[in-house]
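Contents: one structure, followed by commentary.
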Amino acid sequence: MRKYFGTDGIRGEVGKAPITPEFMLKLGWAAGQVFKEHDKKILIGKDTRISGYMFESALESGIVAAGADVRLVGPMPTPAIAYLTRTFRASAGIVISASHNPYTDNGIKFFSAQGGKISDEIEERIEYFLDQPMEVVKSELIGRAKRIDDAAGRYIEYCKGTFPIGLQLSGLKIVVDCADGATYHVAPRVFSELGADVVAVGVNPDGLNINEVSGATKPELLRKNVLAEGADLGIALDGDGDRLILVDAKGVVRDGDDVLYIIANHLMNTGRFNGGVVGTLMSNFGLELAFSETGIGFSRAKVGDRYVNEKLLQHGWVLGGEPSGHIVCRDITTTGDGIIAALQVLRAMVEEEKTLEELLEGLVKFPQRLKNVRVAERFAPAEEPSLQKAIAHANERLNGLGRVLLRASGTEPLIRVMVEGRDQVMVDELVDILTEEVQAVANRKAQSIG
Numbered sequence: 001m002r003k004y005f006g007t008d009g010i011r012g013e014v015g016k017a018p019i020t021p022e023f024m025l026k027l028g029w030a031a032g033q034v035f036k037e038h039d040k041k042i043l044i045g046k047d048t049r050i051s052g053y054m055f056e057s058a059l060e061s062g063i064v065a066a067g068a069d070v071r072l073v074g075p076m077p078t079p080a081i082a083y084l085t086r087t088f089r090a091s092a093g094i095v096i097s098a099s100h101n102p103y104t105d106n107g108i109k110f111f112s113a114q115g116g117k118i119s120d121e122i123e124e125r126i127e128y129f130l131d132q133p134m135e136v137v138k139s140e141l142i143g144r145a146k147r148i149d150d151a152a153g154r155y156i157e158y159c160k161g162t163f164p165i166g167l168q169l170s171g172l173k174i175v176v177d178c179a180d181g182a183t184y185h186v187a188p189r190v191f192s193e194l195g196a197d198v199v200a201v202g203v204n205p206d207g208l209n210i211n212e213v214s215g216a217t218k219p220e221l222l223r224k225n226v227l228a229e230g231a232d233l234g235i236a237l238d239g240d241g242d243r244l245i246l247v248d249a250k251g252v253v254r255d256g257d258d259v260l261y262i263i264a265n266h267l268m269n270t271g272r273f274n275g276g277v278v279g280t281l282m283s284n285f286g287l288e289l290a291f292s293e294t295g296i297g298f299s300r301a302k303v304g305d306r307y308v309n310e311k312l313l314q315h316g317w318v319l320g321g322e323p324s325g326h327i328v329c330r331d332i333t334t335t336g337d338g339i340i341a342a343l344q345v346l347r348a349m350v351e352e353e354k355t356l357e358e359l360l361e362g363l364v365k366f367p368q369r370l371k372n373v374r375v376a377e378r379f380a381p382a383e384e385p386s387l388q389k390a391i392a393h394a395n396e397r398l399n400g401l402g403r404v405l406l407r408a409s410g411t412e413p414l415i416r417v418m419v420e421g422r423d424q425v426m427v428d429e430l431v432d433i434l435t436e437e438v439q440a441v442a443n444r445k446a447q448s449i450g
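Residue numbers for the sequence shown follow the UniProt record's numbering, beginning at 1 and rising by one.
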């Protein structure tokens with residue numbers, strides 16, 4: 001167990017440990033100690049939240065104090081840092097971001113020299129140095145910091161380069177919602193330079209409005225703009241640009257499962273598909289059935305893009321993602337990238353000459369309901385006989401045409417109860433039954449502790 005690192009870096013409320021300037025100074029020093037053994041250069045990027053400036057300075061000071069060099073790229077999407085870390089041959093990349101969280105939170109993600117998440121072993125080494133006294137190297141060995149002024153342009157050209165030469169987006173009207181986050185100066189240019197008529201929203205960050213009223217977690221503004229503009233498509237990114245949610249021309253919100261279905265089928269139709277697709281425990285059962293009908297393999301990972309990536313590597317596959325919109329196209333990039341995923345959907349629309357709705361005609365999603373049960377203390381549902389009996393009964397009623405999932409939240413004292421099935425009434429009934437049983441188990445545990 002690591003003390004600070006979770007499944008997606010370090011994250012929390014600004015001003016509360018460990019998201020403080022003092023900790024970031026020490027974290028920069030610890031990272032410098034670890035990564036300077038390979039190459040002295042570490043890249044730092046951030047999203048648009050106001051605390052990013054404070055933590056950027058603290059990390060920079062800690063890294064150079066350890067004797068490593070820093071390259072600052074300013075506000076940039078998380079996947080852009082993964083790309084730039086590779087192209088600048090840096091030993092690591094650091095992103096200052098709390099992704100889709102409000103501006104009051106912030107966090108740190110690390111990328112390896114190859115543009116992937118750093119290993120557990122590297123995280124453990126950083127935590128080792130966090131517990132050591134901070135010692136500054138001799139003055140002549142202090143690292144140097146430089147700002148990279150053309151980082152945005154480099155990433156824009158990279159994104160455009162993933163779209164086939166000669167293929168145009170002309171004739172398509174697209175609303176692009178950047179959540180007042182890190183893609184505000186990047187995403188609209190990518191799509192417009194490829195020929196689309198772009199209406200940009202969420203592109204006026206002030207340090208406090210990131211993810212506030214727009215973006216992948218709040219697609220209502222995008223939906224209204226798509227309908228008002230008569231657009232062909234709406235693209236919503238989250239604050240750090242690694243999530244993608246779409247809105248079709250009729251105003252229907254389309255999630256990561258829809259994106260996976262479109263990309264996988266287009267790869268299959270054009271003879272470029274190899275292997276299968278990785279989803280998560282939360283991926284809709286209808287997606288799994290649709291893939292089985294077309295002969296596309298499907299495997300589920302634990303919730304989290306890190307686990308999706310791990311399973312892709314395990315199978316040797318290239319496409320995976322989550323309903324939340326983290327889409328990984330490993331044949332193109334090393335991590336979830338909202339802009340890259342959107343371009344793959346647009347490629348399918350242009351090459352197949354179909355609307356988004358037409359590309360999704362073969363996908364019939366099952367009604368799904370998720371309910372969170374707050375408990376005094378998390379427990380493992382798989383270890384509770386009464387819950388296993390209730391789950392077995394629910395599966396009998398679903399008769400193979402649905403799915404039951406009970407899991408403990410990794411971050412809150414919650415047990416998540418999810419049921420999918422063809423019949424919404426049955427789904428609602430089973431969720432209520434399972435919720436009552438979870439609450440009964442929680443009450444018994446609380447009484448035994450008392």
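Glycine residues also receive a C-beta, built at the ideal position from the N, C-alpha and C atoms. Quick caveat, the model's predicted, so the values are computed rather than measured.
Straight-line gap, residue i to residue j (C-alpha atoms, nearest Å)
i           : j           : result
residue 346 : residue 254 : 14 Å
residue 222 : residue 236 : 7 Å
residue 81  : residue 5   : 19 Å
residue 414 : residue 384 : 15 Å
residue 341 : residue 163 : 11 Å
residue 376 : residue 446 : 7 Å
residue 293 : residue 36  : 51 Å
residue 9   : residue 274 : 31 Å
residue 419 : residue 435 : 11 Å
residue 355 : residue 192 : 19 Å
residue 156 : residue 83  : 11 Å
residue 441 : residue 405 : 16 Å
residue 56  : residue 229 : 38 Å
residue 184 : residue 389 : 50 Å
residue 226 : residue 197 : 12 Å
residue 364 : residue 132 : 55 Å
residue 173 : residue 100 : 26 Å
residue 113 : residue 85  : 6 Å
residue 168 : residue 437 : 55 Å
residue 171 : residue 249 : 14 Å
residue 408 : residue 387 : 13 Å
residue 394 : residue 312 : 31 Å
residue 423 : residue 402 : 9 Å
Cβ separation of residue i and residue j, assumed to be a contact under 8 Å, to the nearest whole Å
i           : j           : result
residue 238 : residue 211 : 7 Å
residue 280 : residue 308 : 6 Å
residue 117 : residue 397 : Not a contact, Cβ separation roughly 40 Å.
residue 78  : residue 240 : 4 Å
residue 61  : residue 93  : That belief does not hold up - the Cβ atoms of residue 61 and residue 93 are roughly 18 Å apart, past 8 Å.
residue 246 : residue 234 : 6 Å
residue 366 : residue 400 : Their Cβ separation, rounded to whole angstroms, is 12 Å, which puts residue 366 and residue 400 out of contact at 8 Å.
Bridge partner(s) assigned by DSSP for residue i
i           : result
residue 46  : 75, 96
residue 507 : Residue 507 lies beyond the residue range present for the chain, which begins at 1 and ends at 450; the question has no answer from this structure.
residue 175 : 199, 234
residue 145 : 70
residue 278 : 299, 320
residue 117 : 111
residue 140 : Paired residues: none, contrary to the question.
residue 41  : 69
residue 13  : 105
residue 6   : 9
Test item: CB-CB of residue i and residue j under 8 Å
i           : j           : result
residue 194 : residue 146 : no
residue 260 : residue 327 : yes
residue 123 : residue 11  : no
residue 90  : residue 16  : no
residue 348 : residue 262 : yes
residue 44  : residue 107 : no
residue 298 : residue 291 : yes
residue 181 : residue 143 : no
residue 337 : residue 242 : yes
residue 300 : residue 283 : yes
residue 359 : residue 353 : no
residue 316 : residue 277 : no
residue 59  : residue 148 : no
residue 30  : residue 110 : no
residue 50  : residue 267 : no
residue 46  : residue 97  : yes
residue 76  : residue 151 : yes
residue 378 : residue 427 : no
residue 54  : residue 21  : yes
Distance cut-off 7 Å: residue i Cβ against heavy atoms of the ligand NAD
i           : result
residue 237 : Annotation note on the ligand NAD: not contained in the displayed structure, which lists no ligands.
is_contact[residue i, chain B] using C-beta, thresh 8 Å
i           : result
residue 203 : Absence of chain B from the displayed structure is noted, only one protein chain being present.
Original post:
What are the complete beta strand (DSSP E) segments, minimum 3 residues, inside the stretch 209-272?
Top reply: 233-237, 244-248
Subject >> 3 or more residues per run - each beta strand (DSSP E) lying fully within the stretch 303-346 >> reply: 319-321, 327-329
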